[in-house]
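Asker: Sharing a structure below in structure tokens format, with a few things to ask.
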Amino acid sequence: MNKKAMIAWIVKLIFWGVIISFFWWVFSNNMFSQLTENPDQFLGLLSRHLQIVLISSSLALATAIPAGILMTRKNYQKYEWLFVNTANLGQTIPSIAILALAMGFLGIGIQAAILALYVYSLLPILQNTIAGLKSVNPAAKDAALGMGMTPGQILFKIELPMAANSIIAGIRTAIVLNIGTTALAYLIGGGGLGVWIFTGIQLFDNTYLISGAVPVTLLAVTVDQLFRLLQFFMVPKGIRLAQKAAVNAV
Amino acid sequence: MKKLIMGISTLTASAAMLTACGGGNDKEVTVGAKNFTEQFILAKMTEIMLEENDFSVDMADNMGSTALRQALESGEVGVTWEYTGTGLITYNDEEPISEKDEAFEAIQSIDAEQDITWTNPSNIDNTYTLVMREADGEEKGIETISDLADYINENPEEMEFATDAEFGNREDGLPGVEETYGFEFGNSQVNEMSYGLNYEALNNEEVDVAMGHATDSRIEEYNLYNLEDDEQFFPSYHASVSMRTEVYEEYPEIEEILEPLSQELDGETMTGLNYQVDIEDENVDDVARNYLQENGFIE
Numbered sequence: 001m002n003k004k005a006m007i008a009w010i011v012k013l014i015f016w017g018v019i020i021s022f023f024w025w026v027f028s029n030n031m032f033s034q035l036t037e038n039p040d041q042f043l044g045l046l047s048r049h050l051q052i053v054l055i056s057s058s059l060a061l062a063t064a065i066p067a068g069i070l071m072t073r074k075n076y077q078k079y080e081w082l083f084v085n086t087a088n089l090g091q092t093i094p095s096i097a098i099l100a101l102a103m104g105f106l107g108i109g110i111q112a113a114i115l116a117l118y119v120y121s122l123l124p125i126l127q128n129t130i131a132g133l134k135s136v137n138p139a140a141k142d143a144a145l146g147m148g149m150t151p152g153q154i155l156f157k158i159e160l161p162m163a164a165n166s167i168i169a170g171i172r173t174a175i176v177l178n179i180g181t182t183a184l185a186y187l188i189g190g191g192g193l194g195v196w197i198f199t200g201i202q203l204f205d206n207t208y209l210i211s212g213a214v215p216v217t218l219l220a221v222t223v224d225q226l227f228r229l230l231q232f233f234m235v236p237k238g239i240r241l242a243q244k245a246a247v248n249a250v
Numbered sequence: 001m002k003k004l005i006m007g008i009s010t011l012t013a014s015a016a017m018l019t020a021c022g023g024g025n026d027k028e029v030t031v032g033a034k035n036f037t038e039q040f041i042l043a044k045m046t047e048i049m050l051e052e053n054d055f056s057v058d059m060a061d062n063m064g065s066t067a068l069r070q071a072l073e074s075g076e077v078g079v080t081w082e083y084t085g086t087g088l089i090t091y092n093d094e095e096p097i098s099e100k101d102e103a104f105e106a107i108q109s110i111d112a113e114q115d116i117t118w119t120n121p122s123n124i125d126n127t128y129t130l131v132m133r134e135a136d137g138e139e140k141g142i143e144t145i146s147d148l149a150d151y152i153n154e155n156p157e158e159m160e161f162a163t164d165a166e167f168g169n170r171e172d173g174l175p176g177v178e179e180t181y182g183f184e185f186g187n188s189q190v191n192e193m194s195y196g197l198n199y200e201a202l203n204n205e206e207v208d209v210a211m212g213h214a215t216d217s218r219i220e221e222y223n224l225y226n227l228e229d230d231e232q233f234f235p236s237y238h239a240s241v242s243m244r245t246e247v248y249e250e251y252p253e254i255e256e257i258l259e260p261l262s263q264e265l266d267g268e269t270m271t272g273l274n275y276q277v278d279i280e281d282e283n284v285d286d287v288a289r290n291y292l293q294e295n296g297f298i299e
């Protein structure tokens, strides 16, 4: 075993040790008591949390991916700076400030939270879509054109599959961030598991904090893994093998 | 790498020297505050008054009640403005007391055992209240919390309630009110949000009832009113100084320095000061300083 692998192995071991002792502490102190005593409330908060994440992420997907495709077409390339900078702006404003701004015209509650998280999720998806499409080998497109494919066919059969890795990575980043940030929806009356996290902070009561924060973390980890799986199936085998070979060569 | 370490150690050393030379006084104290306007103002006044008397003051504000109390117990914070009701009920699981002096003496003796000293009881009673829009309340004929309880029992699921997480889950908050008055908001009727937005939500007719702090200026500004607490559920919440006993013994002058403040401030004055910050958007520092100057507490 070489040195690098050894270090990686030790780090992993420590990591799992920390996780196991955390959960041991949580269960032996009955930190999930909120969750076991108020399952109805928990399900309500969880479903509200999921609702905000799902709606805001789907809207972000539905806007950012088409926008990214459009920005890489010849005729629209000149507008790229506009879209990317707008999305950039959305990301640079602190998430709490976006929430407050959204609340200004949508009032308290779930709509404002959805709008804020939508804006917040745009940039990673947009940037990765553009980067992915730009990285497609021009020779492959030329070859497709030579075979008589239409621009639409080239997009769906060549470009998108080859860019899939990067696009899905962007979606993953956006959604995982989104799940965590949704906890702030509490602040503007949007509900979600943030309610318990903030109750925990304000009352200094760990049972609330843990019952709210651990499910959010697990949710983010699960979704991340799901997208890894999706990435595996969506990316053509040839590209996967080529990337693996490239990594091994380094 | 070597350069970096050198750089860091030089920085640390110079920082340490700077701190050591800072002004030549070694009366240091940390003032803590919770996360709402009145607390910011009180803490700022305290900072100014103490600095006038050669203290060097650190601020630790924007904390939830319980977090602040933990910081006080652990010594991270030395001086805070605390409310008698919170001290009794939230921190010590005692029965609420609605008479001012009685409440103060009770918490004073209970907390003495935990090395926390209470001084300077003021006339600011920032008790919790339930608030409604004047027009709406008139229409529904609700003047007291008992009226509200009757209305809710007749029309369940109709009224929406706004609260912060603290009031929504504290025994002397919503759960206690519901138990005392015999009514209940459904889970879906309780909207939890950051404190302060609850008034906004009420004003925008997004909710029908909200939690409030009696001295909050927005109650007046938005034409809201406090429901009368006819069963006297909400206890006395008189703002007083709560210090670590060790700080109190080291600097007994703090009590004297803050005496004019606790003598002079009452609910009405406090509401006015809150109004300047929350409604007229003046900054806390100016409001605190102006008040102290106008009353001749500082130059």
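Chains as they are written, first to last, in the UniProt record's numbering: chain L, 1 to 250; chain X, 1 to 299. Every residue, glycine too, gets a C-beta built ideally from N, C-alpha and C. From a predicted model like this one, the values you see are computed outputs, not experimental measurements.
Could you check where the beta strand (DSSP E) with Tyr128 of chain X kicks off and where it finishes?
Answerer: 128 to 133 is the extent of the beta strand (DSSP E) around Tyr128 of chain X.
Asker: Check each residue of the segment 167 to 197 of chain X: if its Cβ is closer than 8 Å to any Cβ of chain L, include it; give the result in chain order.
Answerer: The segment 167 to 197 of chain X vs chain L, Cβ under 8 Å: Gly168, Asn169, Arg170, Asn187, Ser188, Asn191, Glu192, Met193, Ser194, Leu197.
Asker: Excluding the five sequence neighbours on either side, which residues of its own chain have a C-beta within less than 6 Å of the C-beta of Val18 of chain L, listed in chain order?
Answerer: Taken in chain order, the list of residues that qualify is empty.
Asker: Bridge partners for Leu224 of chain X per DSSP, in chain order?
Answerer: DSSP output for Leu224 of chain X lists X:Arg133 as bridge partner(s).
Asker: By Cβ distance below 8 Å, which residues in the same chain neighbour Ser146 of chain X in space, the five residues on each side in sequence not counted?
Answerer: The answer, listed in chain order, is Tyr181, Asp230, Glu231.
Asker: Specify the secondary structure class of Tyr83 of chain X as computed by DSSP and reduced to three states.
Answerer: In the structure shown, Tyr83 of chain X sits in a strand (DSSP, three-state: E or B).
Asker: Got a sec? Which residues, its chain only, sit under 6 Å from Glu221 of chain X by beta carbon, not counting five neighbours each side?
Answerer: Hits under 6 Å: Ile279.
Asker: Beta-carbon within less than 8 Å of Gly173 of chain X's beta-carbon, same chain only, minus the 5 sequence neighbours each way: which residues are those?
Answerer: For Gly173 of chain X, where only same-chain residues beyond five positions count, the Cβ hits under 8 Å are Tyr128, Thr163, Glu166, Phe167, Met211.
Asker: Decide if Arg73 of chain L is buried, meaning its Cβ has at least 16 other Cβ atoms within 10 Å, or exposed.
Answerer: Exposed: under 16 other Cβ atoms inside 10 Å.
Asker: Does any residue of chain X have a CB that is nearer than 8 Å to the CB of Phe204 of chain L?
Answerer: Chain X, which has a Cβ nearer than 8 Å to the Cβ of Phe204 of chain L, makes this yes.
Asker: With DSSP collapsed to three states, give me the class of Met193 of chain X.
Answerer: Correct three-state label for Met193 of chain X: coil.
Asker: Any beta carbon of chain X sitting closer than 8 Å to that of Phe156 of chain L?
Answerer: Output row for Phe156 of chain L: interface = no.
Asker: Would you tell me roughly how many angstroms separate the C-alpha atoms of Gly24 of chain X and Gln202 of chain L, rounded to the nearest one?
Answerer: Only weak support exists for where Gly24 of chain X lies, its pLDDT of 49 falling under 50; the coordinates are left without a value.
Asker: Roughly how many whole angstroms lie between the Cα atoms of Phe234 of chain X and Thr90 of chain X?
Answerer: Rounded to the nearest angstrom, the two C-alpha atoms are 13 Å apart.
Asker: Is there at least one Cβ from chain L nearer than 8 Å to Ala67 of chain X's Cβ?
Answerer: Judged by the 8 Å Cβ criterion, Ala67 of chain X is in contact with chain L.
Asker: If we define contact as Cβ-Cβ less than 8 Å, is Gln114 of chain X a contact residue for chain L?
Answerer: Cβ-Cβ to chain L under 8 Å: no for Gln114 of chain X.
Asker: Closest to Ser47 of chain L by C-alpha separation, out of L:Asp205, L:Thr182, L:Leu101, would be which residue?
Answerer: Residue L:Thr182 is the option with its Cα nearest to Ser47 of chain L.
Asker: So what does DSSP say about Met159 of chain X, is it helix, strand or coil?
Answerer: Reduced to three states, the DSSP call for Met159 of chain X is coil.
Asker: So, Leu123 of chain L versus Ala87 of chain L, is the Cβ gap smaller than 8 Å?
Answerer: It is a contact, given that the beta carbons lie within the stated cut-off.
Asker: Report all residues from its chain with a CB closer than 6 Å to the CB of Gly189 of chain L; omit the five preceding and five following residues, and keep chain order.
Answerer: So the qualifying residues of the chain are Ile108, Gly109.
Asker: Three-state secondary structure (DSSP) at Leu13 of chain L?
Answerer: In the structure shown, Leu13 of chain L sits in a helix (DSSP, three-state: H, G or I).
Asker: Near Leu230 of chain L, which residues of its chain fall below 8 Å by C-beta distance, leaving aside the five closest residues on each side in sequence?
Answerer: Around Leu230 of chain L: Ile168.
Asker: With 16 other CB atoms within 10 Å as the buried threshold, where does Gln225 of chain L fall?
Answerer: The residue is exposed, with fewer than 16 neighbouring Cβ atoms inside 10 Å.
Asker: Could you tell me which chain X residues have their CB closer than 7 Å to the CB of Phe32 of chain L, listed as they occur along the chain?
Answerer: Within 7 Å Cβ-Cβ: nothing; Phe32 of chain L doesn't reach chain X, min ~17 Å.
Asker: What is the DSSP secondary structure of Asp111 of chain X, reduced to helix, strand or coil?
Answerer: Asp111 of chain X: helix per DSSP, three-state reduction.
Asker: So who's on the other strand from Thr119 of chain X, going by DSSP bridges?
Answerer: Answer is X:Val241, bridged to Thr119 of chain X.
Asker: Use the C-beta contact count for Gln276 of chain X: other C-beta atoms within 10 angstroms, 16 or more gives buried, fewer gives exposed.
Answerer: Per the 10 Å Cβ criterion, buried.
Asker: Pull up the distance between the alpha-carbon of Asp58 of chain X and that of Val29 of chain X, whole angstroms please.
Answerer: Straight-line Cα distance between these residues: approximately 6 Å.
Asker: Could you give the first and the last residue of the continuous beta strand (DSSP E) run that contains Leu212 of chain X?
Answerer: The amino acid occupying residue 212 of chain X in the given sequence is Gly; Leu does not appear at that position. Counting along the chain, the beta strand (DSSP E) containing Gly212 of chain X begins and ends at 209 to 213.
Asker: Can you give me the start and stop residues for the beta strand (DSSP E) that Ala33 of chain X sits inside?
Answerer: Per DSSP, Ala33 of chain X belongs to the beta strand (DSSP E) from 28 to 34.
Asker: Work out the CA separation of Glu192 of chain X and Asn153 of chain X for me, nearest whole Å.
Answerer: Each residue's alpha carbon lies about 22 Å from the other.
Asker: Name the two residues that bound the continuous alpha helix (DSSP H) containing Ala185 of chain L.
Answerer: No alpha helix (DSSP H) holds Ala185 of chain L; DSSP gives it neither H nor E.
Asker: Does any residue of chain L have a CB that is nearer than 8 Å to the CB of Gly64 of chain X?
Answerer: At least one chain L Cβ lies under 8 Å of Gly64 of chain X.
Asker: With contact counted as at least three CB pairs below 8 Å, one residue from each stretch, are the segment 146 to 157 of chain L and the segment 202 to 222 of chain L in contact?
Answerer: Counting Cβ pairs under 8 Å, fewer than three are found: no touch.
Asker: Using a beta-carbon distance below 8 Å, is Ala162 of chain X in contact with chain L?
Answerer: Yes, because at least one Cβ of chain L sits closer than 8 Å to the Cβ of Ala162 of chain X.
Asker: Can you have a look at Met6 of chain L and say buried or exposed, based on whether 16 or more other CB atoms are within 10 angstroms of its CB?
Answerer: Per the 10 Å Cβ criterion, exposed.
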